[in-house]
Amino acid sequence: MEAWAAGLLGAVVGSAGSFAGIWIQSRYQHQREMAKMVMESAVKDRDHLLDLAMKTGRGGPLPPVVLFVHYHGELFKLMGKGKLNVKRLKKLHEENQKMWRLIRQMEDKRLEDAL
């Protein structure tokens, strides 16, 4: 192999490795930022619901933060893909309602077993 070809091949391999490293780092940084935004949005939403319940005197069980995180995570995914519409939002809301019913059933069962 000639020296210029070896040099060119080395440059291509080096730049490809550098590009891959930057791409991987960027991808993970984006995921961390999205997770942070989802968590902040979920906590604010839950806090707003708690404030509203306290102001109106309408109490009841408050969904756990994990339910808000699931909802906001899926909402952000739909927005990011440009697929947020009425049908998908309704489906997400119904899915969260099912999860909330399941969580309450599991909690009731846990409390019942503790007695």
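Going by our numbering, 94 is the number at position 90 of the sequence shown; the sequence numbering is gapless. Using N, Cα and C, we set each Cβ at its ideal position, and we do this for glycine too.
Quick one: grab the DSSP three-state call for residue i.
i, result
"residue 89", "coil"
"residue 1", "Summary: the structure shown does not reach residue 1, with the chain confined to residues 5 through 119, and so no result is reported for it."
Mind checking whether residue i and residue j have CB atoms under 8 Å apart?
i, j, result
"residue 50", "residue 80", "no"
"residue 76", "residue 45", "yes"
"residue 108", "residue 65", "yes"
"residue 17", "residue 47", "no"
Can you check which of these residues, the options, is closest to residue i by C-alpha distance?
i, options, result
"residue 43", "106, 88, 91 and 74", "74"
"residue 67", "16, 29 and 111", "111"
"residue 35", "116, 53 and 84", "84"
Just to confirm the assignment, what range does the alpha helix (DSSP H) spanning residue i have?
i, result
"residue 50", "7-60"
For residue i, would you say it is in contact with chain C, using Cβ-to-Cβ distances shorter than 8 Å as the test?
i, result
"residue 95", "Chain labels in this structure do not include chain C; a single protein chain is all it has."
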